[in-house]
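In what follows, a structure is listed as structure tokens, so that the remarks can point back to it.
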Amino acid sequence: MKDRTIHIIGAGPAGLVAAINLANAGYDAIVHEQHDDVGSRFNGDFQGIENWSSRKDAKLFFQEIGLQVNFLCAPHQTGHFYGPNLNGVEIKTGRPLFYLIERGVAAGSFDQGLKQQALAAGVQFLWNDKVEKMPSEVTIVGTGPKAADVIAKGIIFRTSHPDAYFGFLDDRIAPKGYAYLLVNNQKATFATCMFQDFRNSRVYYERAFKSMRRTADIEIIEPTEFGGFGNFFLPSSGHKKDRFLYVGETAGFQDALWGFGLRYALLSGYLAAQSIISDRDFDQLCRHYIWPALKTSLANRWLFAHLGNRGYQWVLNRLNKSRDAVDILQKHHQFSFSKQLLFLLAKNWYHTRLIDKQCMHEHCDCIWCRCGKSENMTETIYVQR
Ligand SMILES: Cc1cc2nc3c(=O)[nH]c(=O)nc-3n(C[C@H](O)[C@H](O)[C@H](O)COP(=O)(O)OP(=O)(O)OC[C@H]3O[C@@H](n4cnc5c(N)ncnc54)[C@H](O)[C@@H]3O)c2cc1C
Numbered sequence: 015m016k017d018r019t020i021h022i023i024g025a026g027p028a029g030l031v032a033a034i035n036l037a038n039a040g041y042d043a044i045v046h047e048q049h050d051d052v053g054s055r056f057n058g059d060f061q062g063i064e065n066w067s068s069r070k071d072a073k074l075f076f077q078e079i080g081l082q083v084n085f086l087c088a089p090h091q092t093g094h095f096y097g098p099n100l101n102g103v104e105i106k107t108g109r110p111l112f113y114l115i116e117r118g119v120a121a122g123s124f125d126q127g128l129k130q131q132a133l134a135a136g137v138q139f140l141w142n143d144k145v146e147k148m149p150s151e152v153t154i155v156g157t158g159p160k161a162a163d164v165i166a167k168g169i170i171f172r173t174s175h176p177d178a179y180f181g182f183l184d185d186r187i188a189p190k191g192y193a194y195l196l197v198n199n200q201k202a203t204f205a206t207c208m209f210q211d212f213r214n215s216r217v218y219y220e221r222a223f224k225s226m227r228r229t230a231d232i233e234i235i236e237p238t239e240f241g242g243f244g245n246f247f248l249p250s251s252g253h254k255k256d257r258f259l260y261v262g263e264t265a266g267f268q269d270a271l272w273g274f275g276l277r278y279a280l281l282s283g284y285l286a287a288q289s290i291i292s293d294r295d296f297d298q299l300c301r302h303y304i305w306p307a308l309k310t311s312l313a314n315r316w317l318f319a320h321l322g323n324r325g326y327q328w329v330l331n332r333l334n335k336s337r338d339a340v341d342i343l344q345k346h347h348q349f350s351f352s353k354q355l356l357f358l359l360a361k362n363w364y365h366t367r368l369i370d371k372q373c374m375h376e377h378c379d380c381i382w383c384r385c386g387k388s389e390n391m392t393e394t395i396y397v398q399r
């Protein structure tokens with residue numbers, strides 16, 4: 015057994031999966047977290063572990079990356095979607111479309127579940143420890159998004175409505191994105207996710223709220239506002255100075271299509287741990303297991319952003335006619351020759367809003383910049399035009 019200490023910065027899903035796997039393999043895993051607990055970036059809102067991008071069911075995926083399901087993980091299959099005219103369609107699936115989880119500090123949340131697994135594996139946590147400079151040992155950096163390429167604005171509330179989910183596609187309420195309502199065990203999350211025109215987020219939210227009220231007959235008790243953002247970019251390398259491994263959203267590992275970044279976060283954390291445990295090249299692992307999905311998601315973002323309101327209704331009608339919507343979504347998430355061509359188009363069209371102002375000098379050891387990550391790096395930076 016190797017006697018090594020590995021520092022992990024950030025107790026998000028990416029950092030925690032890395033820590034759990036390293037500790038289980040006999041490493042001293044030390045997690046530095048700027049807050050006093052896991053999940054502090056979230057507010058008890060529901061999220062979905064999507065189950066359409068891979069043929070592998072999310073629960074099997076958890077098993078393969080060394081996770082147990084000790085958190086709320088509710089399968090959701092049939093749901094209702096509304097296009098711009100609020101014509102509802104029912105979406106049927108042969109297996110769960112997603113597993114609903116709760117994010118935040120409360121017991122039963124995804125974040126608390128991962129923390130419990132990390133503690134059981136012997137991971138050491140340093141709370142209230144905002145790391146500014148890289149430790150001198152091997153370090154995994156999982157510090158989450160640094161800029162907003164997508165934003166979400168919504169509410170969480172209590173309700174007596176039965177468990178359900180609803181989706182909304184309309185550029186007037188969620189520009190180039192979607193709005194969603196998730197209900198589980200008398201709690202609900204409603205939000206709109208937008209990919210452009212962030213300055214008018216309140217207007218979009220208010221419109222989205224009205225659309226939701228016109229379609230779902232739901233009582234709203236004690237609503238609390240929440241919001242958040244996501245960051246996508248194509249990293250040229252997951253390494254910096256061969257000692258630092260970037261995982262999760264801070265590495266750009268996010269779903270460019272709809273912002274379903276959790277599977278990327280978990281997989282990249284697992285791969286970082288495996289690269290250390292079995293002395294394999296992290297970049298190679300990422301290129302094999304993550305890049306095809308990243309490229310496909312960017313190609314799909316290009317397609318989705320060009321659909322417009324008419325296109326959304328067409329997509330919903332097509333999904334409605336199919337016996338299994340997961341089948342159709344899965345086909346669109348497989349890397350193929352046509353996705354590669356679209357990707358080439360999309361990467362020139364889309365630029366992240368990430369402009370790293372905190373550090374612009376070369377070869378520094380701060381955790382923010384990626385300047386020293388790869389000497390000949392030509393990071394693809396994309397911002398939607
Ligand atoms: C509103 C919203 C809804 C979403 N819904 C979904 C969904 O339904 N499905 C899905 O798959 N994805 C969803 N996502 C995206 C998903 O939450 C992220 O992709 C995922 O959390 C990224 O995990 P991560 O570990 O990379 O980063 P994070 O979860 O951001 O964790 C990073 C951690 O690092 C800590 N940290 C940061 N800097 C430092 C520092 N210098 N020192 C110490 N600690 C530091 C932070 O406090 C944080 O705990 C959503 C995101 C938002 C905002």
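Numbering (our numbering), first residue to last: 15 to 399.
Don't be surprised by glycine CBs; every beta carbon is placed ideally from N, CA and C.
Looking at the strands, I want to know which residues DSSP matches up with proline 89. Proline 89 has Tyr113 as its beta-bridge partners, per DSSP.
CB contact flag (proline 159, phenylalanine 76, <8 Å): Not closer than 8 Å, so no.
How about threonine 153 and isoleucine 23: do their beta carbons lie closer than 8 Å? yes
Are lysine 144 and glutamine 48 close, meaning C-beta to C-beta below 8 Å? yes
Mapping DSSP to helix, strand and coil, what is tyrosine 284? helix
Let's test the definition: count the other Cβ atoms within 10 Å of the Cβ of phenylalanine 351 and tell me whether it reaches 16, buried, or not, exposed. exposed
Mind listing, in chain order, the continuous beta strand (DSSP E) runs of no fewer than 3 residues lying wholly within the segment 140-193? 153-155, 164-172 and 178-182
Please tell me whether, using a cut-off of 7 Å, the distance from the CB of aspartate 143 to the nearest non-hydrogen atom of ligand 1 is below it. yes
Just curious, the alpha helix (DSSP H) that tyrosine 303 is in, first and last residue? Secondary structure note for tyrosine 303: its alpha helix (DSSP H) is the uninterrupted segment 296-303.
Between tyrosine 326 and proline 110, is the Cβ-Cβ spacing less than 8 Å? no
Quick one: does the C-beta of glycine 322 sit closer than 7 Å to a heavy atom of ligand 1? no
How big is the Cα-Cα spacing for alanine 25 and cysteine 207? 24 Å
Taking the alpha helix (DSSP H) that serine 326 falls in, what are its first and last residues? Checking the sequence shown, residue 326 turns out to be tyrosine, not serine. 322-335 is the span of the alpha helix (DSSP H), which, as asked, contains tyrosine 326.
Who are valine 45's beta bridge partners in DSSP? Ile22 and Phe139
Just tell me which of Cys300, Thr238 and Val217 has its CA closest to the CA of aspartate 59. Thr238
Compare the beta carbon distance of phenylalanine 204 and isoleucine 165 with 8 Å and say whether it is the shorter of the two. For phenylalanine 204 and isoleucine 165, no; Cβs fall outside 8 Å.
Looking at the structure shown, is asparagine 362 part of a helix, part of a strand, or coil, going by DSSP? helix
Tell me, which residues are paired with glutamate 64 by DSSP? Phe112
Considering only the alpha carbon of each residue, which of Ile105, Gly266, Ser123 and His90 lies closest to threonine 366? Out of Ile105, Gly266, Ser123 and His90, Gly266 has the C-alpha closest to the C-alpha of threonine 366.
Note down the Cα distance separating arginine 18 from alanine 319, rounded to an integer number of angstroms. 46 Å
Endpoints, the alpha helix (DSSP H) within which isoleucine 105 is located: First-last for isoleucine 105: 102-105, but that is the beta strand (DSSP E), not the alpha helix (DSSP H).
Taking Cβ positions, are phenylalanine 112 and valine 103 nearer each other than 8 Å? In this structure, valine 103 does not lie closer than 8 Å to phenylalanine 112 by Cβ.
Excluding the 5 residues preceding and the 5 following tyrosine 219 in the sequence, name in chain order all residues of the same chain whose CB lies nearer than 6 Å to its CB. Same-chain partners within the cutoff: Lys167 and Thr206.
Suppose you measure from the CA of phenylalanine 171 to the CA of arginine 117; what does that come to, to the nearest Å? 14 Å
Based on the DSSP secondary-structure assignment, which residues constitute the bridge partners of phenylalanine 56? None; phenylalanine 56 has no bridge partner.
Helix, strand or coil at isoleucine 232 according to DSSP, with G and I counted as helix: coil
My understanding is that arginine 315 touches alanine 270, with C-beta atoms under 8 Å, so please give their C-beta distance in whole angstroms. 4 Å
Cα-Cα, which of Gly156, Phe247 and Gln82 is closest to glycine 127? Gln82
Identify which residue in Val52, Lys147 and Leu114 has its Cα closest to the Cα of alanine 120. Val52
Spatial neighbours of alanine 360 within its chain, please: CB distance less than 6 Å, with the 5 preceding and 5 following residues excluded, ordered by chain position. Leu312, Ala313 and Trp316
Would DSSP call leucine 128 helix, strand or coil? helix
Three-state secondary structure assigned by DSSP to proline 306: helix
Supposed contact pair tyrosine 303 and leucine 330 - C-beta distance, whole angstroms, cut 8 Å: Wrong, their Cβ atoms sit about 31 Å apart, outside the cutoff.
If you draw a straight line from the alpha carbon of alanine 33 to that of glycine 275, how long is it in whole angstroms? 19 Å
Look at the Cβ atom of asparagine 38, then the Cβ atom of alanine 135, and state whether they are nearer than 8 Å. yes
Closer than 6 Å by C-beta to isoleucine 232: which residues in its own chain qualify, once you throw out the five before and the five after it? Chain order, please. Thr173 and His175
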